[in-house]
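**Q** Here it is: the structure, laid out below.
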Amino acid sequence: MPPAQESDGSVNGGSTTVARKRQRDDAEEVSTPPCAQCRSRKVRCDRQQPSCSNCRRAGVPCEYSNSSTAYNVKELFDAFSSVTSRLDRMEETLAGIADYIKSIARTPAGLQSPPTTNGFNSHAQDSGDVAPPVESTPAFVVPLEDDGRVPGEPASIALLKSLHRRLKSAVEGQPSESMTLWAVAAKDPAVKRVLQRQLDLFPFNGGCLAFPTSSDSQPMQAPPRYSLEECLQSSFTELHVFAPIFQKQYLEDAVAFYYDSPPCQQSQAQVLMINNIYLLAITLEARACRARRTESESRYYNLELAYALLGNCDRALRDLGAFNEPTVENVRALLSLAFVCQEYYSVPVQIRVFQLAARLARAVGLQKWHASNNGSWDNASADESLFWLLYTMDKQQAFQGGQAGELYLHDCTLPLYPCGTGTPTIEQLHGAFTSLSTIWEDIYSSLYSVRSSTLDDFTRNAHVGRLHSVLSVWKEAYEPLFTSWTLPDVSNLKPIQTELQYAFFTTKLLIQRCNTCLPPSVRYREFAEPALTLLTTNFNTLSPSECTTLGRIFRNYPLVAFLDFFLYTILSDRAGLAENAQLLHAVTRLLEPIRDADFPESFYNKIYSGFTWCTNQLDILLQACTQRASITGGICPELDAMAGSLSELAPGLGV
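0 is the number of the first residue of the sequence shown in numbering that gives the first Met the number 0; add one for each residue after it.
Shown next as structure tokens:
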């Protein structure tokens, strides 16, 4: 039987002959690619040379690519299967590592939020309860040493560790500390044993641990509108003093826009801002109640509500990448989160959030001058005010945490406005704080940066003299703001004026403590003592605004006044020991309404433990001096007996 003739489907002689296509060899189809025209039209190509049938019928040139690639489907499938198998094994390994970490991870003692039956988060657990497993970020541990920084830097932990090292040297009889009260008291074996116990009780042995935050991977939820608006109505003044992120009208408009908008228009940044503002407001209200010792009168704050709101903060901290888009709204949201971190989280967490906010501010361009106003602080735009707030916080955190800042004047084109006679007093105060922050930038780079550690004493003292001159110019311009209490419209601004005066004393101390030509009595006492006296004099009975300002002072300024005055007391003779101990005890008591014992890892509780550690040593030395007319020689049987009596020697200490 003859083979069928190929045909293009035409009718021949009344009969239709169906053409049968020639079967191509697989190797031929794989090795020869289709022509360019068939490939672009996505039709089957018979790959005939020099021109395929489709191109001949269409009358177009038939072109083949010079490069021919052979595709072996089986090999590709085998390779893909190998990759997927490897991915499966990697996922199994990672899951096993995650389970292992959860099994050995330490339960967070600061912001663990185990769910309760009513859906909120409870802080306290019974001793027999077991916390449910949570996803945790790795813990951040501050190194034990100063990490190569300048000795005596004003970061709180660095100062306390420096005191701990000096106490250890004195107890061990090192010649460098032979003239301190520690060394003189340690000549008595009973007192020496108690001081050695103080070394073990140091609250920062092993570094400052930043406990990981926990998250339940749920979306953030805003608080009820009626509760938020009622709380802001009564607490906005204190809130604006504490965290001046928003003007009142802006905040009211933002709240109304969020709750009146459909869910598709509600952003995560809006939820976070509203959550943080409400949390800060109820925190300040509860703090004022603690200061009045009437915690039952708190209308809004309770521990379960605080943990419910902190749950939103935990979720944001676990996914900070959701706020990476450079917008002013994200900057405000992260800045409000930084204020919450200052209240409830450790310093490393707070620094991490603020650094992201500052970098976003630079990306948005807040540091650039876009339009001029009338040349005064009261006409500054909202973006200008936001940048200067970030800048001031950046300088404060550089001294509080001992890390270089994110924002600098050389990268900023915004003008520093003078304070004219017609400028409202509150705006003059804001201008004074901002101007003082620019001096802090100079102080840090000249005296406390890593580069400054290589300076000799002559150059360092020259910087000290120059900075004193710069600060004198600032004082001449702004001194009436913190020395005159009869200025117009200042009836509610006295706490802020007190803060400005405390900031001035602290700035003088930051400069003078680096002058190696001065004796310790001048370096450590001249400005530290008036700064501490200012606090104890002006914050005896704490009103809500005074309580808020006191929290800002402990939070925003380095603790050099307290710790340097303590060191001065140790380096001097015992003549003024009782008076100095009384002053340091009074300052420590001011922290009691500020701190919240339910959050032991918060910043305020950390510095309270450090202050208490210092005052306990003064109690020991004072008790030793009381028992003996002189502690420079011999053994005192009374002190040996008292060394075994915890309550008589120093309440709260073990031997």
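Beta carbons are placed, not taken as given, at the ideal position from N, Cα and C, and that holds for glycine. Keep in mind that this is a model prediction, so the values were computed, not measured.
1. Should residue 140 go down as buried or exposed, given a rule of 16 or more other Cβ atoms within 10 Å for buried?
2. Pull up the distance between the alpha-carbon of residue 597 and that of residue 497, whole angstroms please.
3. Between the Cα of residue 610 and those of 465, 384, 591, spot the shortest distance and give me the residue it belongs to.
4. With DSSP collapsed to three states, give me the class of residue 560.
5. Answer yes or no: do residue 416 and residue 381 have a C-beta to C-beta separation smaller than 9 Å?
6. Would DSSP call residue 192 helix, strand or coil?
7. Using beta-carbon positions only, say whether residue 469 and residue 389 come within less than 9 Å of one another.
8. Span of the alpha helix (DSSP H) holding residue 160?
9. Tell me whether residue 254 counts as near the ligand ATP, meaning its Cβ is closer than 8 Å to at least one heavy atom of that ligand.
10. Keeping to the same chain, check which residues put their C-beta closer than 6 Å to that of residue 545; ignore five residues upstream and five downstream.
11. Once the 5 residues before and after residue 563 are set aside, which same chain residues still bring their CB inside 7 Å of it?
12. To the nearest whole angstrom, what separates the beta carbons of residue 383 and residue 413, a pair I think is in contact under 8 Å?
13. Alpha carbon to alpha carbon, what distance is there between residue 601 and residue 171?
14. Does the beta-carbon of residue 368 have 16 or more other beta-carbons within 10 angstroms, so that it is buried, or is it exposed?
15. Looking at the secondary structure, which residues open and close the alpha helix (DSSP H) in which residue 37 lies?
16. What is the residue span of the alpha helix (DSSP H) that residue 555 lies within?
17. Could you spell out where the alpha helix (DSSP H) holding residue 514 opens and where it closes?
18. Among 320, 282, 288, which residue has its Cα nearest to the Cα of residue 303?
19. Counting only C-beta atoms, is residue 608 closer than 9 Å to chain C at any point?
20. Distance check for residue 324 and residue 517, CA to CA, integer angstroms please.
21. Only counting the same chain, and skipping five residues up and downstream in sequence, which positions put a Cβ closer than 6 Å to that of residue 405?
22. Can we say the segment 178–186 touches the segment 163–170, given the rule of at least three CB pairs closer than 8 Å?
23. If you follow the alpha helix (DSSP H) that residue 249 is part of, which residue opens it and which one closes it?
24. Spatial neighbours of residue 321 within its chain, please: CB distance less than 8 Å, with the 5 preceding and 5 following residues excluded, ordered by chain position.
25. Does DSSP put residue 479 in a helix, in a strand, or in coil?
26. Report yes if the CB atom of residue 463 is closer than 9 Å to the CB atom of residue 510, and no otherwise.
27. Leaving out five residues on either side along the sequence, give the residues of the same chain with a beta carbon under 8 Å from the beta carbon of residue 659.
28. Do you know how far the Cα of residue 284 is from the Cα of residue 349?
29. Determine the closest residue to residue 622 out of 519, 398, 410, 193, with distance taken between C-alpha atoms.
30. So residue 365 and residue 385 are supposed to be a Cβ contact under 8 Å. How far apart are they, rounded?
31. For a test of the three-state rule: what should DSSP assign to residue 401, helix, strand or coil?
32. Please list the terminal residues of the continuous alpha helix (DSSP H) segment that includes residue 670.
33. From this set, 455, 466, 173, which residue's C-alpha is nearest residue 437's C-alpha?
34. Excluding five sequence neighbours on each side, which residues of the same chain lie with their C-beta closer than 8 Å to the C-beta of residue 338?
35. Within the continuous alpha helix (DSSP H) that includes residue 361, where are the two ends?
36. In this structure, how does DSSP classify residue 502 when only helix, strand and coil are distinguished?
**A** On the basis of the data shown:
1. Locating residue 140 in the sequence shown gives position 141, where the first residue counts as 1. In this prediction, residue 140 scores a pLDDT of 33, lower than 50, which makes its location untrustworthy; the coordinate-derived value is nonetheless stated afterwards. Exposed, because fewer than 16 other Cβ atoms sit within 10 Å of the Cβ of residue 140.
2. Start at 1 with the first residue of the sequence shown, and residue 597 comes out as number 598. Start at 1 with the first residue of the sequence shown, and residue 497 comes out as number 498. Looking at the two C-alpha atoms, the distance is approximately 29 Å.
3. As a working note, residue 610 is residue 611 in the sequence shown. Looking at the Cα atoms, 591 is the closest of the given residues.
4. Reading the sequence shown from its first residue, position 561 is the one you call residue 560. DSSP places residue 560 in the helix class (H, G or I) of the three-state scheme.
5. Here residue 416 refers to the residue found at position 417 when the sequence shown is read from its first residue. Here residue 381 refers to the residue found at position 382 when the sequence shown is read from its first residue. The answer is no: Cβ separation not under 9 Å.
6. Taking the first residue of the sequence shown as 1, we reach residue 192 at position 193. The answer is helix: DSSP assigns residue 192 an H, G or I state.
7. Taking the sequence shown and counting its residues from 1, the one referred to as residue 469 is at position 470. Taking the sequence shown and counting its residues from 1, the one referred to as residue 389 is at position 390. No, the Cβ-Cβ distance between residue 469 and residue 389 is not below 9 Å.
8. Position 161 of the sequence shown holds residue 160. Element bounds for residue 160: 155–170.
9. Although the ligand ATP was asked about, the structure shown includes no ligands whatsoever.
10. Position 546 of the sequence shown, counted from the first residue, corresponds to residue 545. So the qualifying residues of the chain are 494, 538.
11. For the purposes of this step, residue 563 is taken as residue 564 along the sequence shown, with counting starting at 1. Excluding sequence neighbours, residue 563 sits near 508, 512, 523, 527.
12. Translated into the one-based positions of the sequence shown, residue 383 becomes position 384. Translated into the one-based positions of the sequence shown, residue 413 becomes position 414. That belief holds up - the Cβ atoms of residue 383 and residue 413 are roughly 6 Å apart, short of 8 Å.
13. In the sequence shown, residue 171 corresponds to position 172, counting from 1. In the sequence shown, residue 601 corresponds to position 602, counting from 1. The alpha-carbon atoms of residue 171 and residue 601 are separated by roughly 33 Å.
14. Here residue 368 is taken as the residue at index 369 of the sequence shown, counted from 1. Residue 368 is exposed by the Cβ-count criterion.
15. Sequence index remark: in the sequence shown, residue 37 carries index 38 (1-based). Segment 35–40, the alpha helix (DSSP H) holding residue 37.
16. For this step, residue 555 is matched to residue 556 along the sequence shown. From DSSP, the alpha helix (DSSP H) with residue 555 extends over 543–555.
17. Along the sequence shown, one-based indexing puts residue 514 at 515. Segment: none, residue 514 is in no alpha helix (DSSP H) and carries neither H nor E.
18. Position 304 of the sequence shown, counted from the first residue, corresponds to residue 303. Closest option to residue 303, Cα to Cα, is 282.
19. This model lacks chain C altogether; it includes just one protein chain.
20. As a position in the sequence shown, residue 517 is number 518, starting the count at 1. As a position in the sequence shown, residue 324 is number 325, starting the count at 1. Cα to Cα, residue 517 sits roughly 50 Å from residue 324.
21. Position 406 of the sequence shown, counted from the start, is the residue given in the question as residue 405. 354, 357, 393.
22. yes
23. As a first step, residue 249 is located in the sequence shown; it is residue number 250 there, counting from the start. Its alpha helix (DSSP H) spans residues 247–259.
24. Locating residue 321 in the sequence shown gives position 322, counting from the first residue. Correct list, in chain order: 267, 315.
25. Working through the sequence shown from its first residue, we reach residue 479 at position 480. Under the three-state reduction of DSSP output, residue 479 falls in the helix class.
26. The sequence position of residue 463 within the sequence shown is 464, counting from 1. The sequence position of residue 510 within the sequence shown is 511, counting from 1. The answer is yes: Cβ separation under 9 Å.
27. Absent from the structure is residue 659, since the part of the chain shown begins at 0 and ends at 654.
28. Walking along the sequence shown from the start, residue 349 turns up at place 350. Walking along the sequence shown from the start, residue 284 turns up at place 285. Between residue 349 and residue 284, the C-alpha separation is close to 22 Å.
29. Your numbering for residue 622 matches position 623 in the sequence shown. Nearest C-alpha to residue 622: 193.
30. Within the sequence shown, the letter at position 366 stands for residue 365. Within the sequence shown, the letter at position 386 stands for residue 385. 6 Å between Cβ atoms; contact.
31. Along the sequence shown, read from residue 1 onward, the residue named residue 401 stands at position 402. Here residue 401 sits in coil by DSSP.
32. Not covered by the structure: residue 670. The range shown for the chain is 0 to 654.
33. Looking up residue 437 in the sequence shown gives position 438. Nearest C-alpha to residue 437: 466.
34. In the sequence shown, counting from the first residue as 1, residue 338 sits at position 339. Around residue 338: 241, 242, 244, 275, 279.
35. In the sequence shown, residue 361 corresponds to position 362, counting from 1. Here the alpha helix (DSSP H) through residue 361 covers 346–363.
36. Your numbering for residue 502 matches position 503 in the sequence shown. Of the three classes helix, strand and coil, the one that applies to residue 502 here is helix, per DSSP.
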